[in-house]
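Q: A single structure is presented below for examination.
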Amino acid sequence: MEDQKQILEEVFGESSDKEGEGEQQSGDSFDEEQSVNQSEKNPIWERIEEISGLWLYRDFLSLERQSSLLSAIEKEGWFTEASHNQAMRFGDLPAWAIELSESIRKAVWFCDISECGDSSTCDQDKEEVCPLPSDLLWREPLFDQLIVNVYQPGEGICGHVDLMRFEDGIAIVSLESACVMHFTRGEARYLWKHEINRKPGFQIWEGQEICQKKRTSITLRKLCHAKKAKVRERKEKFLLLLSYVDHQSCE
1 MEDQKQILEE VFGESSDKEG EGEQQSGDSF DEEQSVNQSE KNPIWERIEE ISGLWLYRDF
61 LSLERQSSLL SAIEKEGWFT EASHNQAMRF GDLPAWAIEL SESIRKAVWF CDISECGDSS
121 TCDQDKEEVC PLPSDLLWRE PLFDQLIVNV YQPGEGICGH VDLMRFEDGI AIVSLESACV
181 MHFTRGEARY LWKHEINRKP GFQIWEGQEI CQKKRTSITL RKLCHAKKAK VRERKEKFLL
241 LLSYVDHQSC E
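Oh and the sequence shown: position 81 is 81 in full-length UniProt numbering, straight run, nothing missing.
Written as structure tokens, this is what we have:
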């Protein structure tokens, strides 16, 4: 246990007793230390059995952290014009995106014991039942490519497979509104074509149509090196992290 504590302190810093002393965060920053809604408990990941490599984490962020994250995105000034609904960044990501990445790393590291065996952490022997294996979880940086999309009611994304120029281990953080993502074939990362069709009649869940609202999507990926783009061991890891207020259906 002492070894585990030392590792965690090296990765995530010391306990919250010392947080905030002599240090003040910018108002534009996304507060990573409080970002994971259940970080002090074991985050509950759901493995989607029908789709190899697909993991779901509901209620990833608290309401306060959702607001903080959306505010940080708004202050970037990417969507000041109505015609702009997508922003893409490569390499050095904004501070809030780096902090969000670390929140995802922490959520995977502290994955629920019901999925990861008899330990509260994902060790190498349990990687088959953890959202990310250690070689992906501890790569640096975890992500270096960012896409932020803002979808108005009725707007979605056509069916596609994420390009091979990106490494395995993709995370999507979905904010503000619920939606149904359709997967059509193969593993989640490399073979499953996926889409979000938000036209009337397509957003049906458990027999009810989801009421469409504005939705903000944050996609985090890692670019491949040229050699790795040709030859790689595929693990097919695709993480969905959901945060929104409710699941209202249309009456």
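Where is the CB? At the ideal position from N, CA and C, for every residue including glycine. Being a predicted model, the structure only gives us computed values, none of them experimental.
1. How far does the beta strand (DSSP E) with Ile-170 in it reach, from first residue to last?
2. Using a Cβ-Cβ cutoff of less than 6 Å, which residues in the same chain neighbour Leu-240 once the five nearest sequence positions on both sides are dropped?
3. Should Ser-243 be labelled buried (16 or more other beta-carbon atoms within 10 Å of its own) or exposed?
4. What residue range is occupied by the uninterrupted beta strand (DSSP E) comprising Arg-215?
5. Applying the 10 Å Cβ sphere with the 16-neighbour rule, what's the burial state of Asp-168?
6. Go ahead and label Glu-140 buried or exposed: buried means 16 or more other beta carbons lie within 10 angstroms of its beta carbon, across all protein chains shown.
7. Where does the unbroken alpha helix (DSSP H) through Trp-96 begin, and where does it stop?
8. Ala-87 lies in the beta strand (DSSP E); which residues open and close that run?
9. Do you know whose CA, among Met-164, Arg-89 and Cys-130, lies nearest Glu-46's CA?
10. Nearest-angstrom Cα distance between Gly-201 and Val-180?
11. Is any beta-carbon of chain C found at less than 9 Å from that of Ala-107?
12. Find the nearest neighbour of Ser-62 within the set Ile-218, Glu-176, Gln-208 and Lys-214, judged by alpha-carbon distance.
13. Return the Cβ separation of Arg-105 and Gly-156 in integer angstroms, given the expectation that the two are a contact with Cβ distance under 8 Å.
14. Just curious, the alpha helix (DSSP H) that Glu-64 is in, first and last residue?
A: Taking the structure as given:
1. 170-175
2. Result list for Leu-240: Leu-56 and Ile-172, in chain order.
3. buried
4. 215-221
5. buried
6. Its Cβ having fewer than 16 others within 10 Å, Glu-140 is exposed.
7. 95-109
8. 86-90
9. Cys-130
10. 11 Å
11. The displayed structure is made up of one protein chain only, and chain C is not part of it.
12. Glu-176
13. Between Gly-156 and Arg-105 the Cβ distance is about 29 Å, and since that is not below 8 Å, they are no contact.
14. 63-75
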